[in-house]
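Report on the following structure.
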Amino acid sequence: MAARHHQILIVGGGAAGITVAARLRKAEHEIPLDIAIVDPAEAHYYQAAFTLVGGGAFELADTRRNEADIIPPDVTWIKDAVASFSPDANSVTLADGTTVTYTYLVVCPGLQINWGGIKGLKEYIGRYGVCSNYSPNTVEYTFQLQKSLKPGAKAVFTQAPMPIKCPGAPQKAAYLASDYLRKGGIREHCEVRFLTATPAIFGVPFYAKELVKIAARHNIEVSYNHNLVEIDGRGRKAIFDVTAGDKQGQKVVLDYDMLHVTPPQSAPDFLKNSPLANATGFADVHANSLQHVKYKNVFSLGDAAGTANSKTAAAVRKQAPVVVRNLLHLIKGGAIEEAYDGYGACPLTTGYGKVLMAEFIYGGKPTPTLPLDPRKEHLVNWWIKTTFLPRLYWDYMLKGKEAFPAHNTNYVDPGA
Ligand SMILES: Cc1cc2nc3c(=O)[nH]c(=O)nc-3n(C[C@H](O)[C@H](O)[C@H](O)COP(=O)(O)OP(=O)(O)OC[C@H]3O[C@@H](n4cnc5c(N)ncnc54)[C@H](O)[C@@H]3O)c2cc1C
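Counting with this note's numbering, you get residues 54 to 469 for the letters of the sequence shown.
So, in structure tokens, the structure goes:
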């Protein structure tokens with residue numbers, strides 16, 4: 054196949070790829086740019102609202118746009134998948150065999166969901182009481198199941214080992230289900246359990262302290278170091294490996310009526326198997342500049358970047374301006390900025406009308422944007438989650454507009 058060339062090639066037209074392309078377009082008054090996005094997807098989803106869809110508080114249709122409609126004007130869309138990277142030759146190979154060369158590369162193909170990583174998951178997902186907010190194809194079934202729970206029901210929520218998209222999302226689903234049952238007057242007659250493969254409820258201790266209390270308030274039994282390994286859909290049984298503690302090495306088998314699964318996730322195989330990957334398979338970029346440590350004309354952001362931030366669209370929002378400024382520095386001359394501080398945010402829906410807004414940077418330092426106590430659930434955060442953030446995403450972030458208030462890096466934990 055014939056080779057083609059673009060000055061800036063963006064792999065992945067998700068939250069990160071579209072935001073970077075749109076911001077680059079806005080910089081065109083400074084310098085003309087030739088930008089292309091490679092992405093095979095027909096649809097783009099605002100995945101951050103999937104938790105709300107699973108809880109019946111948001112329409113799936115409102116999370117979806119045609120990819121064609123969100124590619125910024127004058128950006129070339131190559132509607133194919135990248136199959137491999139050859140950074141020494143400044144090229145990628147597409148699934149159809151075409152080679153595309155580039156001067157600068159932005160790597161943002163997101164996370165790969167490994168549905169095959171749990172025995173029985175592929176077979177039973179979407180039926181036999183097995184749902185997941187982690188795909189547009191299965192998220193509506195979450196709410197169907199939630200609505201179908203009767204007194205005596207057992208609802209089981211699981212969390213896979215890291216890395217996963219939005220590490221707070223698995224427990225959010227449990228809180229919404231619990232609150233739904235409470236509103237229906239049957240909460241005390243149902244069992245709600247949350248089992249996570251991680252050793253703590255949340256990776257940031259400042260917020261984890263509060264979340265432990267919130268789970269207890271919901272009367273949700275939380276089990277740590279429990280990794281879902283098998284589902285028997287017909288028998289309605291979930292089987293866990295206990296990975297640490299007194300019961301390490303044992304299997305735990307739970308009956309369920311509703312099983313919400315967080316599927317295992319990883320770097321996409323084609324990235325993992327490339328010279329761009331670090332030991333964990335993600336793009337080996339500098340934590341603050343997002344520039345590749347070896348290939349200086351390569352950047353990565355979003356879920357595919359090998360940085361220690363929480364894998365969220367909120368992180369993308371703060372990473373994209375840094376990547377764009379650094380690309381322009383490379384093109385026009387200028388010093389690379391180490392300006393990304395690891396910001397990520399996880400609006401934890403702890404009930405209908407209740408959100409704990411977890412915002413933090415590298416090292417787990419809390420960095421709230423609003424002057425509100427970040428340890429508390431606030432009604433305004435529910436409005437931010439359900440109304441403001443979707444608008445911010447579609448109308449500002451994906452359009453490359455500057456409308457983002459700064460987070461407070463000087464916040465001091467009053468309880469420390
Ligand atoms: C259930 C759930 C809840 C979430 N909640 C929140 C939240 O509350 N707040 C928050 O900020 N974030 C949340 N997120 C996370 C957020 O959606 C992601 O962090 C964000 O979308 C990452 O952006 P990205 O561009 O890196 O990846 P994505 O947006 O996933 O985009 C990746 C793109 O790469 C493309 N691609 C894949 N393979 C290839 C290939 N081989 N070649 C070319 N293109 C390819 C895909 O088609 C896709 O368009 C949630 C996610 C889920 C699933």
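Glycine residues also receive a C-beta, built at the ideal position from the N, C-alpha and C atoms.
If you're wondering where the values come from, they're calculated on a predicted model, not measured in any experiment.
Cβ shell of threonine 116 (< 6 Å), same chain only, five flanking positions each side left out: Closer than 6 Å at the Cβ level, and outside the excluded window around threonine 116, lie Tyr98, Tyr99 and Ala102.
If you scan the region 68-140 from start to end, which runs of the beta strand (DSSP E) of 3 or more residues do you find wholly inside it? Taking only runs of at least 3 residues, the beta strand (DSSP E) segments lying wholly in the region 68-140 are 88-91, 96-98, 117-119, 129-131 and 135-139.
Does lysine 371 come out as helix, strand or coil in the three-state DSSP assignment? Helix.
From valine 257 to tyrosine 157, what distance separates their C-alpha atoms? In this structure, the straight-line span from the alpha carbon of valine 257 to that of tyrosine 157 is close to 35 Å.
Drop a sphere of 10 angstroms on the beta-carbon of glutamate 263, count the other beta-carbons inside from all chains shown, and report buried for 16 or more, exposed for fewer. The residue is buried, with at least 16 neighbouring Cβ atoms inside 10 Å.
Best match in Glu120, Asp149 and Gly163 for proximity to leucine 324 [C-alpha to C-alpha]: Residue Gly163 is the option with its Cα nearest to leucine 324.
Can you tell me which of Ile123, Ser144, Lys371 and Val265 puts its alpha carbon nearest to the alpha carbon of phenylalanine 457? Among Ile123, Ser144, Lys371 and Val265, the Cα nearest to that of phenylalanine 457 belongs to Lys371.
Take phenylalanine 255 and list the residues in its own chain whose beta-carbon comes closer than 6 Å to its own, dropping the five residues that flank it on each side. Taken in chain order, the residues that qualify are Ala261 and Leu264.
Does the beta-carbon of threonine 365, which I'm using as the reference point, lie nearer than 6 Å to any heavy atom of ligand 1? Indeed, a heavy atom of ligand 1 lies less than 6 Å from the Cβ.
Among Arg78, Asp122 and Ala74, which one has its Cα closest to the Cα of alanine 96? Closest option to alanine 96, judged by alpha-carbon separation, among Arg78, Asp122 and Ala74: Asp122.
If we ignore side chains and look at the alpha-carbon of each, how far apart do lysine 364 and arginine 235 end up? Note on geometry: alpha-carbon atoms of lysine 364 and arginine 235 lie some 31 Å from one another.
If we call anything under 7 Å between Cβ atoms a contact, is alanine 230 one with alanine 208? Yes, these two residues count as a Cβ contact at 7 Å.
Applying the criterion that 16 or more other CB atoms from any shown protein chain within 10 Å of the CB defines a buried residue, is glutamine 303 buried or exposed? By the beta-carbon neighbour count (other beta carbons within 10 angstroms, threshold 16), glutamine 303 is exposed.
Taking the alpha carbon of histidine 431 as the reference point, which residue from Met450, Lys407 and Asp448 has its own alpha carbon closest? Comparing Cα-Cα distances from histidine 431 to each of Met450, Lys407 and Asp448, the minimum goes to Lys407.
What I want to know is whether the C-beta of glutamine 481 ends up closer than 6 Å to one or more non-hydrogen atoms of ligand 1. Examination of residue 481 is not possible in this model, given that the chain is present from 54 through 469 alone.
On the three-state DSSP scale, how would you describe glutamine 344? For glutamine 344, the secondary structure class from DSSP, reduced to helix, strand or coil, is strand.
Classify phenylalanine 457 as helix, strand or coil using the three-state DSSP reduction. Looking at phenylalanine 457 - three-state DSSP - the assignment turns out to be coil, as it is neither helix nor strand.
Is it a yes or a no for the region 347-358 touching the region 317-337, going by three-plus beta-carbon pairs under 8 Å? Contact between the region 347-358 and the region 317-337 is present, because at least three Cβ pairs lie under 8 Å.
With a threshold of 6 Å (Cβ to nearest heavy atom), would lysine 218 be considered close to ligand 1? In this structure, the C-beta of lysine 218 approaches ligand 1 to less than 6 Å from one of its heavy atoms.
Which whole-angstrom value is the C-beta distance of glycine 453 and alanine 75, which I expect to be below 8 Å? So it is a contact: roughly 3 Å between Cβ atoms.
Along the alpha helix (DSSP H) that carries glutamate 176, what are the first and last residues, could you check? If you look at glutamate 176, you'll find it in the alpha helix (DSSP H) that goes 174-177.
Buried versus exposed, by CB contacts within 10 Å (16 or more), histidine 279: Burial of histidine 279 is indicated by the presence of at least 16 other C-beta atoms within 10 angstroms of its C-beta.
Check whether the Cβ of asparagine 143 sits closer than 6 Å to any heavy atom of ligand 1, and report yes or no. Checking every heavy atom of ligand 1 against the Cβ of asparagine 143, none is found closer than 6 Å.
Using 8 Å as the threshold, is the region 411-421 in touch with the region 388-402, meaning 3 or more CB pairs across them? Below 8 Å, enough C-beta pairs join the region 411-421 and the region 388-402 to call them touching: three or more.
Beta-carbon contacts of phenylalanine 247 that lie in its chain and below 6 Å, excluding the five residues immediately before and after: Taken in chain order, the residues that qualify are Phe210, Gln224, Ala227, Ile273 and Val275.
Does the distance from the C-beta atom of tyrosine 396 to that of histidine 460 stay below 7 Å? Taking 7 Å as the cut-off, the beta carbon of tyrosine 396 is found closer than this to the beta carbon of histidine 460.
Looking at cysteine 243: is its Cβ nearer than 7 Å to the Cβ of alanine 206? Taking 7 Å as the Cβ cut-off, cysteine 243 and alanine 206 qualify as a contacting pair.
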